[in-house]
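Numbering (the working numbering), first residue to last: 151 to 593.
Each residue gets a CB set at the ideal place from its N, CA and C atoms; glycine is no exception.
In what follows, a structure is listed as structure tokens, so that the remarks can point back to it.
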Amino acid sequence: MAGVAIENWKEMIRDPKIECMSRDEMSALQSERLVKQVKNVYEHVEFYRKKMDELGVEPGDIKGIEDINKLPFTTKEDLRDNYPFGLLAVPQDKIARVQGTSGTTGKLTLASYTQKDVDVWGECVARGLVMAGLTSADRIHVCYGYGLFTGGMGLDLGAKALGAMAIPMSSGNTKRQLMCMEDFGATAFGCTPSYALYLAEAAQEAGIVDRLQIKASINGAEPWTDEMRKKIESILHINSFDIYGLCEITGPGVAMDCIHHKGLHVYEDYFYPEILNPADQSACADGETGELVFTTLAKEGMPLIRYRTKDLTSIEHGTCECGRTLPRIQKFTGRTDDMKVIRGVNVFPTQVETALLSMGGGVAPHYMLIVDRENNLDVLTVMVEVDEKYFSDEIRKLDELKSKVGAVLKQALGVSVRVKLVEPKTIQRSEGKAKRVIDNREL
Ligand code: DLL
Numbered sequence: 151m152a153g154v155a156i157e158n159w160k161e162m163i164r165d166p167k168i169e170c171m172s173r174d175e176m177s178a179l180q181s182e183r184l185v186k187q188v189k190n191v192y193e194h195v196e197f198y199r200k201k202m203d204e205l206g207v208e209p210g211d212i213k214g215i216e217d218i219n220k221l222p223f224t225t226k227e228d229l230r231d232n233y234p235f236g237l238l239a240v241p242q243d244k245i246a247r248v249q250g251t252s253g254t255t256g257k258l259t260l261a262s263y264t265q266k267d268v269d270v271w272g273e274c275v276a277r278g279l280v281m282a283g284l285t286s287a288d289r290i291h292v293c294y295g296y297g298l299f300t301g302g303m304g305l306d307l308g309a310k311a312l313g314a315m316a317i318p319m320s321s322g323n324t325k326r327q328l329m330c331m332e333d334f335g336a337t338a339f340g341c342t343p344s345y346a347l348y349l350a351e352a353a354q355e356a357g358i359v360d361r362l363q364i365k366a367s368i369n370g371a372e373p374w375t376d377e378m379r380k381k382i383e384s385i386l387h388i389n390s391f392d393i394y395g396l397c398e399i400t401g402p403g404v405a406m407d408c409i410h411h412k413g414l415h416v417y418e419d420y421f422y423p424e425i426l427n428p429a430d431q432s433a434c435a436d437g438e439t440g441e442l443v444f445t446t447l448a449k450e451g452m453p454l455i456r457y458r459t460k461d462l463t464s465i466e467h468g469t470c471e472c473g474r475t476l477p478r479i480q481k482f483t484g485r486t487d488d489m490k491v492i493r494g495v496n497v498f499p500t501q502v503e504t505a506l507l508s509m510g511g512g513v514a515p516h517y518m519l520i521v522d523r524e525n526n527l528d529v530l531t532v533m534v535e536v537d538e539k540y541f542s543d544e545i546r547k548l549d550e551l552k553s554k555v556g557a558v559l560k561q562a563l564g565v566s567v568r569v570k571l572v573e574p575k576t577i578q579r580s581e582g583k584a585k586r587v588i589d590n591r592e593l
């Protein structure tokens with residue numbers, strides 16, 4: 151069986167000086183960087199100068215990280231309004247790379263990086279790869295897409311910084327992915343969790359799991375649950391890790407979870423996290439769920455001050471069992487904008503995933519939520535794939551399963567749902583981010 155010997159984990163810290171720094175030292179480092187960054191954006195980005203002037207804040211008012219709440223917010227709309235290069239803090243000829251969001255409609259969200267920003271990005275991903283137990287001897291099969299989306303390039307830069315081998319597959323063609331994984335002796339792979347599960351199932355079906363040398367997978371770019379992680383781990387006999395990021399801040403490599411899976415460690419020496427109440431933007435205490443907001447402390451190309459990610463999570467500042475003092479954000483429940491309000495109840499796709507995986511069999515974690523409005527009432531239908539054998543069984547068994555799924559989902563979500571059981575492989579697989587919700591009310 152693959153997997154990294156657990157005794158080694160304490161040694162798997164790439165930059166112990168930063169990753170295990172005391173709170174006082176980290177605050178001092180963050181303060182020094184914030185003061186510099188605020189002066190920089192005030193002097194070089196008209197958008198920030200205007201915003202700060204409007205608030206009556208001068209760079210001199212920011213004396214340390216504790217003053218961060220005096221600063222203005224930045225939103226995705228601000229990025230769109232200043233598209234493509236309006237928020238740069240350096241001349242355009244200093245930009246070494248642009249990356250964008252994976253969104254397919256409307257204008258892209260574009261982020262610009264100097265060479266130093268690119269190097270920091272690679273270093274942050276490398277910290278995560280080490281957190282996943284990888285070294286320069288590893289071979290990292292990258293099946294995140296390459297292109298404007300940051301997944302492919304991000305993992306590639308991380309592998310480079312680590313001195314490991316990058317296998318730049320990009321996404322698509324599952325059969326070929328598995329063939330290359332086996333032939334090239336890949337020891338780790340990166341892709342979205344939904345695609346990781348699909349790959350794992352395909353490897354199992356092809357009977358090649360034992361021939362693979364994979365010991366870890368690095369999965370992110372979409373919300374996923376611990377139950378889903380365990381499912382991928384158990385099929386492939388590996389350790390799977392959650393990696394988080396967004397192109398505006400840096401791609402993958404803003405945060406990553408360690409072997410203890412008690413939250414994702416944020417690289418707060420570069421990306422300062424705040425968790426704020428979405429209603430009034432007041433600070434949440436540790437453990438309280440709110441919107442994650444980032445300030446890039448050392449970014450040169452397109453520094454962002456208090457960028458509202460719309461991602462919902464909570465934070466813990468205590469030292470982790472792995473020895474790191476970097477704070478941990480919990481797995482994301484979702485985004486403020488993918489939360490669906492069904493008959494007044496907040497529903498996230500990940501709640502459906504947790505519920506389905508807690509059933510202990512019968513159904514697969516391939517699902518889709520469809521929201522309609524009938525006679526002015528919201529109706530939520532959950533389409534779920536069922537194990538093959540149920541379709542060859544008597545109808546009664548299928549009916550029993552349907553009622554069971556309905557009851558489990560009602561209990562988990564707090565609203566009644568219509569369940570539609572479908573045959574295996576009916577729900578479209580995504581090689582990138584999975585689309586989990588169709589909201590016909592918006593049409
Ligand atoms: O998704 C960067 C990335 C690539 C992260 C590969 C991890 C792996 P964007 O396309 O800009 O960047 O989308 C960013 O995706 O605000 C979250 O809503 C979501 N997201 C990213 N990682 C996770 C994760 C990349 N681990 C948006 N868990 C973010 C939950 C995630 N959501």
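### Task
Examine the ligand DLL and report whether any of its heavy atoms sits within less than 8 Å of the Cβ of Thr-342.
yes
### Message
Just verifying my parser: in three-state terms, what is the DSSP assignment at Arg-247?
### Response
Of the three classes helix, strand and coil, the one that applies to Arg-247 here is strand, per DSSP.
### Query
Do you know whose CA, among Val-191, Val-185, Ile-588, lies nearest Met-489's CA?
Ile-588
### Message
Below 8 Å, is the gap between the Cβ of Arg-485 and the nearest heavy atom of the ligand DLL?
### Response
yes
### Task
Provide the residue span of the alpha helix (DSSP H) that contains Met-303, from first to last.
300-312
### Endpoints, the alpha helix (DSSP H) within which Thr-324 is located
It spans 324-333 - the alpha helix (DSSP H) in which Thr-324 sits, taken as one unbroken run.
### Query
Cα separation between Met-452 and Ala-276?
Spanning the two alpha carbons is a distance of roughly 22 Å.
### Message
If I measure Cβ to Cβ from Glu-383 and keep anything under 7 Å in the same chain, skipping five residues before and after, which residues do I get?
### Response
Asn-389, Ser-390
### Task
Please name the residue or residues paired with Ala-316 in a DSSP beta bridge.
Ile-290
### Meets three-Cβ-pair contact criterion under 8 Å: the stretch 184-196 and the stretch 210-227
yes
### Task
Give me whichever residues DSSP pairs with Pro-402 in a beta bridge.
Gly-395
### Query
Looking at the unbroken alpha helix (DSSP H) that takes in Thr-549, where does it start and where does it end?
Contrary to the premise, residue 549 reads as Asp rather than Thr in this sequence. Start and end: 545-563.
### Message
Using only CA atoms, which one of Lys-481, Ser-286, Pro-477, Ser-432 lies nearest to Pro-373?
### Response
Lys-481
### Query
Candidates His-415, Glu-441, Val-567: which alpha carbon is nearest Asn-427's?
Glu-441
### Query
Whose C-alpha, out of His-194, Met-331, Ala-366, is nearest the C-alpha of Ala-352?
Looking from the CA of Ala-352, the closest CA among His-194, Met-331, Ala-366 belongs to Met-331.
### Query
Are the beta-carbon atoms belonging to Asp-419 and Asp-407 less than 9 Å from one another?
no
### Query
Buried or exposed: where does Met-329 fall if 16 or more other Cβ atoms within 10 Å of its Cβ makes it buried?
So Met-329 ends up on the exposed side.
### Query
Who pairs with Ala-261 in a beta bridge, going by DSSP?
Gln-249, per the DSSP bridge assignment.
### Task
Report the option in Ser-320, Asp-333, Thr-337 whose CA atom is closest to the CA atom of Tyr-101.
Look at the range of the chain in this structure, 151 to 593, and you will see that residue 101 is not part of it.
### Query
Going by the C-beta, is Trp-374 closer than 8 Å to any heavy atom of the ligand DLL?
yes
### Query
Out of Arg-568, Gly-494, Leu-454, which has the shortest C-alpha to C-alpha gap to Thr-140?
Given a span of 151 to 593 for the chain in the structure shown, any question on residue 140 remains unanswerable.
### Task
Check Phe-444 in the structure and name its three-state DSSP category.
strand
### Message
Could you pull the DSSP bridge partners for Cys-341 from this structure?
### Response
In the DSSP output, where bridge partners are listed per residue, Cys-341 has Asn-369.
### Query
How should Met-151 be labelled, buried or exposed, when 16 other C-beta atoms within 10 angstroms of its C-beta is the threshold for buried?
In this prediction, Met-151 has a pLDDT of 46, which is less than 50 and means its spatial position is unreliable; what the coordinates show is noted afterwards. The residue is exposed, with fewer than 16 neighbouring Cβ atoms inside 10 Å.
### Task
With a threshold of 16 other CB atoms inside 10 Å of the CB of Pro-166, please say whether the residue is buried or exposed.
exposed
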